[in-house]
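Below is one structure, written out as structure tokens; comments come after it.
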Amino acid sequence: MTSLASLLEKSAAAYPEREAVVLGDTRLTYAQVDGAANQVANLLVSRGIEPGDKVALSCPNLPFFPIVYNGILKAGATVVPLNVLLKGREVAYHLADSEAKAYFCFQGTDELPIGAEGHAGFEQTDSCETFFMITVDPAAASPIEGTETLGQGMAGQAPTFETAEVDDDDTAVILYTSGTTGQPKGAELRHRNMLSNALASDALFGANADDPDTYLCVLPLFHSFGQTVIMNGAFAFGGTVVMLPRFEADPALKTMAKEEVTFFAGVPTMYWGLLGALDDSGVDAKALAANLRVAAAGGSALPVEVHKEFEKRFGVTILEGYGLSETSPVASFSPYGEEVRVGSIGVPIPGVEMRLISPEPGDWADADGEIGEIAIKGPNIMKGYYNRPDATADAIHDGWFRSGDLGRKDDDGHYYIVDRSKDMIIRGGYNVYPREIEEVLLTHPGVSLAAVIGVPHESHGEEIKAVVIRNKETELTEDELVEWGKEQMAGYKYPRIVQFVDELPMTATGKILKRELS
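When you line the sequence shown up against full-length UniProt numbering, it's residues 1 to 518, in that order.
In structure tokens:
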């Protein structure tokens with residue numbers, strides 16, 4: 001009967017004056033964040049939101065995110081965090097698919113018009129009835145006429161609230177993921193799923209409320225890694241979350257020095273960026289190293305050379321972990337305090353089991369050879385995919401979740417990722433699913449057929465490439481298709497590389513042989 005919001009509430013009760021969230025000169029205590037979250041909960045209840053309703057949130061790494069996130073949870077509703085790069089039509093899909101009743105959306109900037117795209121998506125969705133624009137200045141009017149702001153809605157709301165009772169199996173968060181079958185699916189994560197993962201921070205990283213960490217939050221909070229390891233992990237142990245709305249290496253290094261950051265988590269491209277900017281930043285690497293206690297990596301494989309160079313320059317060994325949105329997300333991590341095995345994703349976290357099974361679809365038998373598909377079981381496994389019982393049945397069997405990733409295990413029980421059995425591309429830490437991109441490309445009048453693949457990229461890990469057969473009547477160019485894709489898809493999704501071909505390699509049954517493309 002414990003809500004995910006209890007992490008904030010317990011720390012607010014124990015350490016009310018301790019700093020919870022920092023952004024530049026804005027410094028909010030636990031009491032302030034909890035009080036503001038209570039106002040959001042009161043606002044939602046006043047607008048008819050009931051326990052179990054879905055409420056969407058589009059917001060970058062700003063103090064508004066944890067305030068609204070926890071306010072939704074306090075009201076007994078389910079949080080549906082949305083990627084801030086989504087376009088209007090993509091927002092509309094997520095709102096409709098999750099059956100969201102209300103939507104909080106940050107106004108954004110001229111370069112990233114989150115509010116305009118979000119409101120456009122809201123206007124296309126009949127089921128979502130309430131829209132709140134989050135403005136930089138809570139007292140300012142909404143940039144879109146006729147829409148209510150978060151500040152206006154919170155005005156006059158009480159800073160106290162009795163958190164709605166929930167069952168451990170109730171859905172706390174729906175995180176959108178996808179697969180090779182096309183449209184994104186909502187992974188339903190229970191309160192107990194998210195709580196168990198956040199509370200594992202003591203065992204995984206030595207988190208201690210009596211000696212709290214200062215976390216640099218550059219991982220997007222709409223993603224499971226940032227939510228669990230940074231925000232919820234910090235709140236569970238009275239830590240301070242120092243926010244940056246977007247990752248840029250030089251500001252990140254300077255913020256780490258200024259705030260004496262002790263905990264950094266990022267995807268491999270972030271570590272690559274920090275190393276590349278260090279010499280020109282003017283930041284004393286030794287001073288950073290003196291403060292930094294934990295460096296954690298996930299999202300994709302960390303290059304060995306980056307691992308070694310970071311340890312050399314910062315004096316901290318990066319701990320690699322592994323997980324998916326469906327696993328809340330952490331499933332395994334390199335054990336804290338032990339010698340790190342470079343290239344390993346570590347061992348299953350406490351309470352979680354992993355095994356290698358046959359990579360054949362529907363075959364749950366243990367793998368015969370050294371390599372198999374990683375399957376995961378434990379308190380972190382999702383309830384299922386929202387309103388998709390067939391997809392859930394394919395993914396979960398007897399409590400075991402199929403990851404889609406091929407791995408091996410050494411004699412000491414440490415796991416290593418070998419390859420992905422799915423076609424997923426990881427670009428700069430973001431998951432990109434080729435089928436979704438292909439279906440969008442096929443809506444262009446000049447495209448006859450398309451196959452999307454990932455190709456190696458120095459800084460992003462992988463870049464998105466579209467191999468396209470043009471319609472005979474068109475003179476479509478690479479630049480034209482790239483620009484069109486930029487308008488149709490989120491910034492991390494659209495192909496930057498386009499290759500036109502006369503035919504695509506296929507099997508006898510008509511399936512495209514992507515392994516023959518490069």
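Beta carbons: idealized from backbone N, C-alpha and C, even for Gly.
Assigned with DSSP and collapsed to three states, residue 227 falls in helix. In the three-state DSSP reduction, residue 484 falls in the helix class (H, G or I). Listed as beta-bridge partners of residue 131 by DSSP are 103. Per DSSP, reduced to three states, the secondary structure at residue 161 is coil, with no helix or strand assignment.
The C-alpha of residue 365 lies about 15 Å from the C-alpha of residue 407.
When the beta-carbon positions are compared, residue 38 and residue 138 stay at least 9 Å from each other. For residue 295, DSSP records a beta bridge to 264. Two segments are said to touch when three or more pairs of C-beta atoms, one from each, lie closer than 8 Å; by this definition the stretch 65-78 touches the stretch 152-169. DSSP assignment within the stretch 267-328 yields the following whole alpha helix (DSSP H) runs of 4 residues or more, N-terminal first: 268-281, 285-291 and 304-314.
Contact check for residue 172 against residue 189 passes: the beta carbons are separated by less than 9 Å. Residue 59 and residue 298 have their C-alpha atoms spaced approximately 22 Å apart. Residue 45 sits in a helix when the DSSP states are folded into three classes. Taking 9 Å as the cut-off, the beta carbon of residue 332 is found closer than this to the beta carbon of residue 354. The beta-bridge partner set that DSSP reports for residue 232 is empty. With the rule of 3 Cβ pairs closer than 8 Å, the stretch 248-255 does not count as touching the stretch 53-73. Comparing alpha-carbon positions, the option among 175, 517 and 5 lying closest to residue 452 turns out to be 517. In its chain, beyond the 5 residues on either side, 71, 74, 75 and 161 have a beta carbon closer than 7 Å to the beta carbon of residue 41.
Between residue 228 and residue 330, the C-beta spacing is below 9 Å. The residue from 403, 429, 276 and 43 with its alpha-carbon nearest to that of residue 372 is 403.
Below 8 Å, too few C-beta pairs join the stretch 96-107 and the stretch 20-37 to call them touching: fewer than three. Within 10 angstroms of the beta-carbon of residue 475 lie fewer than 16 other beta-carbons, which makes it exposed. Counting C-beta atoms within 10 angstroms of its own C-beta, residue 392 has 16 or more neighbours from the protein chains shown and is therefore classed as buried.
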